[in-house]
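Student:
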Amino acid sequence: MKLTEEMKDALKPVGMGGCVVHLTTCNLEGVCNTVGERFVAHFQDEFILIADMFAQKTKVNLNENPVGVITIAHPVKGRTWAFRGPCTVIQWGHPDEYDFHGAKAGDVLREWGNWSEKEPPSEVPPDIRPPVLVQRGVITLKVDEIYSWGPSEAGRSIL
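Start counting the sequence shown at 157; every next residue gets the next number (this note's numbering).
#1: Look up glutamine 247 in the DSSP assignment and give the residues it is bridged to.
#2: Judging by CA-CA distance, which residue of Ile228, Phe239, Cys188, Thr227 is the nearest neighbour of methionine 157?
#3: Would you mind sorting cysteine 175 into buried or exposed? The rule is 16 or more other CB atoms within 10 Å of its CB.
#4: Go ahead and label lysine 298 buried or exposed: buried means 16 or more other beta carbons lie within 10 angstroms of its beta carbon, across all protein chains shown.
#5: Is DSSP giving lysine 233 helix, strand or coil here?
#6: Please classify methionine 172 as buried or exposed, where buried requires at least 16 neighbouring CB atoms within 10 angstroms.
#7: Determine the closest residue to glutamate 267 out of Asp165, His198, Asn189, with distance taken between C-alpha atoms.
#8: For proline 251, does the count of other Cβ atoms within 10 angstroms reach 16, so buried, or fall short, so exposed?
#9: For threonine 180, which beta-bridge partners are listed by DSSP?
#10: Nearest CA to the CA of glutamate 185: which residue from His230, Leu218, Trp248?
#11: What is the DSSP secondary structure of lysine 164, counted as helix, strand or coil?
#12: What residue from Asn189, Lys260, Val290, Arg194 has the CA that sits closest to alanine 166's CA?
#13: If the criterion is Cβ atoms closer than 8 Å, does the pair threonine 296 and leucine 205 meet it?
#14: Only counting the same chain, and skipping five residues up and downstream in sequence, which positions put a Cβ closer than 6 Å to that of glycine 241?
#15: With C-beta atoms as the reference, is serine 304 less than 8 Å away from tryptophan 248?
#16: Whole angstroms are fine: how far does the CA of valine 177 sit from the CA of valine 187?
#17: So which of Asn221, Gln200, Glu161 has the shortest CA-CA distance to alanine 259?
See the structure below:
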């Protein structure tokens with residue numbers, strides 16, 4: 157499933173014109189974990205990437221159940237989407253040729269492996285900013301399904 161240009165435009169940090177983004181994963185028992193994410197981007201036309209900075213529960217869930225949902229919520233602009241698909245963490249140490257549904261680990265890490273340097277979090281106040289941002293990898297979701305929910309589209313699949 158390919159992302160539209162409007163979707164790609166929304167998949168960037170809030171301070172750079174993007175939307176609030178949340179990643180939800182579930183363990184095998186169906187217990188969900190949802191986290192707000194700051195470092196988000198699209199990759200190629202069908203992947204959404206998130207920096208793995210503090211994703212401990214997310215990684216545990218993805219080891220048990222490798223599916224994720226990323227939601228965007230900006231109802232004023234009509235940007236209300238949910239993207240679902242296989243999800244993994246591409247980490248330093250994966251061979252460059254490691255292929256996750258068409259995304260090569262080397263390509264993902266070369267472009268997005270040092271996110272805080274590429275897009276420093278200047279909007280985070282100094283009193284709550286971590287002293288050092290350590291990126292462990294890149295959470296990679298292959299978009300297989302897209303859903304939209306707005307006043308006129310409640311739960312409509314875009315597939």
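The beta-carbon is built from N, C-alpha and C at its ideal position, and this holds for glycine as well.
Tutor: The answer reads as follows:
#1: Paired residue(s): Gly293.
#2: Phe239 is the residue among Ile228, Phe239, Cys188, Thr227 whose C-alpha sits nearest the C-alpha of methionine 157.
#3: buried
#4: So lysine 298 counts as buried.
#5: helix
#6: Residue burial is scored here from C-beta neighbours: methionine 172 has fewer than 16 other C-beta atoms within 10 angstroms and is therefore classed as exposed.
#7: His198
#8: With fewer than 16 other Cβ atoms within 10 Å, it is exposed.
#9: Partner(s): Thr190, Val225.
#10: Leu218
#11: Lysine 164 falls in the helix class under three-state DSSP.
#12: Arg194
#13: yes
#14: Leu297, Lys298, Val299, Asp300
#15: Not closer than 8 Å, so no.
#16: 20 Å
#17: Of the candidates Asn221, Gln200, Glu161, the one whose C-alpha sits nearest the C-alpha of alanine 259 is Gln200.
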